[in-house]
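Engineer: Those letters in the sequence shown? Residues 8 to 172, by my numbering.
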Amino acid sequence: MSVFFVAVMSANGKISRSHLSPIDWSSKEDLEWFKEITTQSKVIVMGRRTFELLNSPLPNRLNVVMTHDLPKKNNNVLFTDASPVALVKELKRMGYDKIPIIGGQRVFTSFLREEAVDEMYITYEPILIDGIGMFDEMKRDVKMEVINVKKLSGGAFVIHYVLKR
Ligand SMILES: NC(=O)c1ccc[n+]([C@@H]2O[C@H](COP(=O)([O-])OP(=O)(O)OC[C@H]3O[C@@H](n4cnc5c(N)ncnc54)[C@H](OP(=O)(O)O)[C@@H]3O)[C@@H](O)[C@H]2O)c1
8 MSVFFVAVMS
18 ANGKISRSHL
28 SPIDWSSKED
38 LEWFKEITTQ
48 SKVIVMGRRT
58 FELLNSPLPN
68 RLNVVMTHDL
78 PKKNNNVLFT
88 DASPVALVKE
98 LKRMGYDKIP
108 IIGGQRVFTS
118 FLREEAVDEM
128 YITYEPILID
138 GIGMFDEMKR
148 DVKMEVINVK
158 KLSGGAFVIH
168 YVLKR
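1. How close, in whole Å, do the beta carbons of residue 161 and residue 43 come, if the pair is a contact with beta carbons under 8 Å?
2. Does DSSP classify residue 72 as helix, strand or coil?
3. Checking the sheet assignment: what are the DSSP bridge partners for residue 109?
4. Are three or more beta carbon pairs between the stretch 123-141 and the stretch 66-78 nearer than 8 Å?
5. Quick one: what's residue 164 bridged to in DSSP?
6. Distance cutoff 9 Å, beta carbons only. Does residue 49 sit that close to anything in chain C?
7. Quick check on residue 89: does DSSP put it in helix, strand or coil?
8. Bridge partners of residue 123, per DSSP?
The following block contains the structure:
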């Protein structure tokens with residue numbers, strides 16, 4: 008069982024130009040990598056704002072959208088107001104054992120704060136942008152171990168970390 012962040016970052020640690028901006032600066036190689044790792048898991052978890060930035064739900068994966076505004080219905084999407092810990096428990100009960108959390112900042116922060124995440128895959132793109140970081144606040148330091156570093160053909164690096172408890 009593993010819960011992991013999948014994020015793409017500029018070389019100066021930004022995940023987006025603003026809370027409402029789409030990611031128009033990452034590489035096609037990163038998109039391919041993202042598709043591969045999330046399709047294998049058959050599920051993705053994201054925040055309502057990130058979902059609204061997609062044109063449509065991502066195919067071949069259960070799209071789980073965290074929101075406090077539940078009445079929305081959509082056949083391919085599971086909307087939930089469960090806490091990160093409760094959501095992980097429910098997805099595990101549904102048979103998912105690898106759970107990618109794909110953002111954005113609010114959702115990454117919620118999972119980190121509840122210690123509901125085990126690993127991170129961060130792609131570092133060779134670009135500098137102005138914008139927002141991965142977490143809006145850090146309550147404490149989190150130590151990690153680097154498990155693997157992979158260079159994508161376009162020049163970006165994917166670093167796989169495990170969080171230490
Ligand atoms: N670089 C990357 O890898 C990456 C990945 C994804 C997104 N992004 C970027 O991140 C930005 C969006 O991030 P964001 O922080 O503004 O929004 P977000 O995390 O995508 O969505 C925030 C919304 O999710 C819901 N939510 C979050 N935590 C919740 C919880 N614990 N329980 C219930 N609902 C919860 C709330 O929805 P309600 O308001 O409906 O209650 C909240 O307003 C965009 O710019 C996007 O491009 C970057």
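Cβ coordinates follow ideal geometry from the N, Cα and C atoms, glycine included. Only a predicted model underlies this, so the values are computations on that prediction, with no experimental measurement involved.
Structural biologist: Here's the rundown:
1. Wrong, their Cβ atoms sit about 15 Å apart, outside the cutoff.
2. Looking at residue 72 - three-state DSSP - the assignment turns out to be strand.
3. Under DSSP, no beta-bridge partner is assigned to residue 109.
4. no
5. 131 and 158
6. Of the protein chains in the structure, only one exists, and it is not chain C.
7. coil
8. Per DSSP, none; premise fails for residue 123.
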